[in-house]
Each structure stands twice: as C-alpha cells, then as structure tokens.
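S.K.: Right, I'll just put the structure down here and ask away after.
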Amino acid sequence: MAGRLDGKTALITGGARGQGAAEANLFAEEGATVVITDVLDSDGEATAAGSDRIRYLHHDVTNEDEWISVVQDVLEDHGKIDAFINNAGIYRQSPIASLSVEEYMEVININQVGVFLGLKHVGPVMCEAGSGSIINISSIAGMRGGPGSLAYSASKWAVRGMTKVAMGEFAPSGVRVNSIHPGLIETPMLHQLPAIEQGLTDQLVRRIPYGRIAEAVEVARLALFLASDDSEYMNGTEFIIDGGMIQGI
442 MAGRLDGKTA LITGGARGQG AAEANLFAEE GATVVITDVL DSDGEATAAG SDRIRYLHHD
502 VTNEDEWISV VQDVLEDHGK IDAFINNAGI YRQSPIASLS VEEYMEVINI NQVGVFLGLK
562 HVGPVMCEAG SGSIINISSI AGMRGGPGSL AYSASKWAVR GMTKVAMGEF APSGVRVNSI
622 HPGLIETPML HQLPAIEQGL TDQLVRRIPY GRIAEAVEVA RLALFLASDD SEYMNGTEFI
682 IDGGMIQGI
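Position 12 of the sequence shown, counting from 1, maps to 453 under this note's numbering, and the rest follow consecutively.
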C-alpha cells in the first residue's frame, strides 16, 4: 500500500523528541525520507535509530551558517526538500516584571529567528523546484496570550504573521505555507507549565471541552495532511488543534 508521502523528502527542526519526533516517525511510516535536526544529540540519534528512513543532523536554528550547511547537506543527499516543518521551540515562564532581556531574547531567537532563517533558506529551494509545503509550528499562544508567557506568546504570534508573509511571497512559485497552533500536547514542554509542575493537571484539563490532553502523534497527523498532496489548495491558513480549548467555556 502506497504511503501518503512516498518519494518525498522532509526536513524537521526540533525533531529529537516530542512533537518533532512524532512527526518524523509518522512521515517515515508514510514513505518519506526524513532529516531531523536538533541540538539534543543523544535524543536525535535515538529517534533516527528507530527508522532507516530518518537521519539526524546537529543544528542550532539560531545560527545562519548551520542553516546553510543543513540545507546543502539535504540537497546533496536527496536533491530536494518537499516538506519542511519549522518545529524547534522552547518555553519560558515568567511575569513581565521579572523577565530579563536575556531570557526574552533566548525565546525570540529560537522560536522566531529560527523560523525566519528556515523560511529564508528552505523557501527559495522549494520555489526553485516549483513545489513544496512549509509548516510552521505556532501555538494557541499565538492566537491568545496568557499571563506569564510574554516571550513565548510574542514569538508564536510572530510565527503566525511570518506564515502569512511567506505564503504571499512563495505561493506564486507553487509553495504552500501554513501554521499549526497546538494546545496542550503531551510532550516534555508541557511539563514546564507551572500548573503541571504543581500537580494541577486536572484544572487545565477542565478548560478543554474535549476533556483531555492530546498526544504528540495527533499533531503529527495534521502535519502529515499539510505535507501531503491532500492539502494542495490550502495556503496561509491557521490550523488550531486544541480540543476546543480557546473556543470553549
């Protein structure tokens, strides 16, 4: 049975664990050749070891020279990039008054500048090829802010806006750019939330009309749809996957 990504090459940042690893594994199962990048080398190598279709590269998404190297490496090995997920990101919790410039810029550099550099270096490759799907991972924090998450929310709102700009620039060349906005997903990042750390998971779940926290593979399935030809006419769109949390009671 043919996979939905047969013959495609995918590049996924932040692919060592969590959501990125779930995306990589699902894409590989669906026939893609997958290159994951991260700075978590042991986790990245372990994820890659689970499939002969996944390869790991060390990659700091804030470093433009490393972006150039990664893209060149993928093109030399595979000749193309059909799907690209700007997935790398971090979360920091702090009230505005105690948030340092250094902490703020750490989040902005990884979550926002990293996405910009990905668009800058992968987008033209896809445009030259005349096709491709770029998936920027934002958050429901990019749709609605929350106390204590200024840096994270600022970065994810930026990803939402950059998606629209990139769509407008790349669409005439046949390249699609969409954003995914996850809610509460069972990943290592979830356990950085103060409510989770304090054992108040039930209080968070009560804010989700669907009544549970999602698994990372559920986001991966949405990314698979956007990477596949099934979503060919979808462009510049925000895909919220949160169990109804930001629309709920």
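We put the beta carbon where it would ideally sit given N, CA and C, even for glycine.
The structure displayed is predicted, hence computed values, not measured ones.
Report the option in Pro565, Arg662 and Tyr545 whose CA atom is closest to the CA atom of Pro623.
M.R.: Closest by alpha carbon: Arg662.
S.K.: Among Glu505, Ile654, Val658 and Glu470, whose alpha-carbon lies nearest the alpha-carbon of Leu558?
M.R.: Among Glu505, Ile654, Val658 and Glu470, the Cα nearest to that of Leu558 is on Glu505.
S.K.: With DSSP run on the structure shown, which of helix, strand or coil describes Ser510?
M.R.: Ser510: helix per DSSP, three-state reduction.
S.K.: Please determine if the region 514 to 533 and the region 444 to 458 are in contact, where contact requires at least 3 C-beta pairs separated by less than 8 Å.
M.R.: With the cut-off at 8 Å, the region 514 to 533 and the region 444 to 458 touch.
S.K.: State whether the region 508 to 520 contacts the region 550 to 566, with contact taken as three or more CB pairs (one from each stretch) at a distance under 8 Å.
M.R.: Yes: the two stretches touch, three or more of their Cβ pairs being nearer than 8 Å.
S.K.: Smallest Cα separation from Pro613: which of Tyr674, Asp479 and Ala465?
M.R.: Per the Cα distances, Tyr674.
S.K.: What three-state label does DSSP hand Leu446 in the structure shown?
M.R.: Coil, per DSSP.
S.K.: What distance in whole Å lies between the Cβ atoms of Glu471 and Arg445, which are believed to be in contact at a cut-off of 8 Å?
M.R.: Arg445 to Glu471, Cβ: 5 Å. Contact.
S.K.: Looking only at its own chain, which residues have a Cβ that is under 6 Å from the Cβ of Arg617, when we skip the five neighbours before and after it?
M.R.: So the list reads Ser574 and Asn676, once near-sequence residues are dropped.
S.K.: Can you check DSSP and say which residues form a bridge with Ser620?
M.R.: Answer by DSSP bridge pairing, in chain order: Asn577 and Glu679.
S.K.: Rounded to whole angstroms, what's the CA-CA distance from Val725 to Gln460? Just pull it up for me.
M.R.: A question about residue 725 goes unanswered here, because the residues of the chain that appear run from 442 up to 690.
S.K.: Under 7 Å Cβ to Cβ from Val658, same chain only, skipping five residues before and after it: list those, please.
M.R.: Cβ within range, chain order: Ala463 and Leu467.
S.K.: Where does Gly684 land, buried or exposed, given buried means 16+ other C-beta within 10 angstroms?
M.R.: Gly684 comes out buried.
S.K.: Quick one: what does DSSP say Glu505 is sitting in, helix, strand or coil?
M.R.: Helix at Glu505.
S.K.: Would you kindly work out how many angstroms separate the C-alpha atoms of Pro635 and Arg533, rounded to a whole number?
M.R.: When rounded, the distance between both Cα atoms is 10 Å.
S.K.: Helix, strand or coil for Arg458? Go by DSSP, reduced to three states.
M.R.: Here Arg458 sits in coil by DSSP.
S.K.: Are Ile551 and Ala582 closer than 8 Å when you measure CB to CB?
M.R.: No.
S.K.: Quick one: grab the DSSP three-state call for Leu481.
M.R.: Three-state result, Leu481: coil.
S.K.: What is the C-beta distance between Ala473 and Ser492, in whole angstroms, given that I count them as a contact (C-beta under 8 Å)?
M.R.: Contact flag wrong, Cβ pair sits at about 10 Å.
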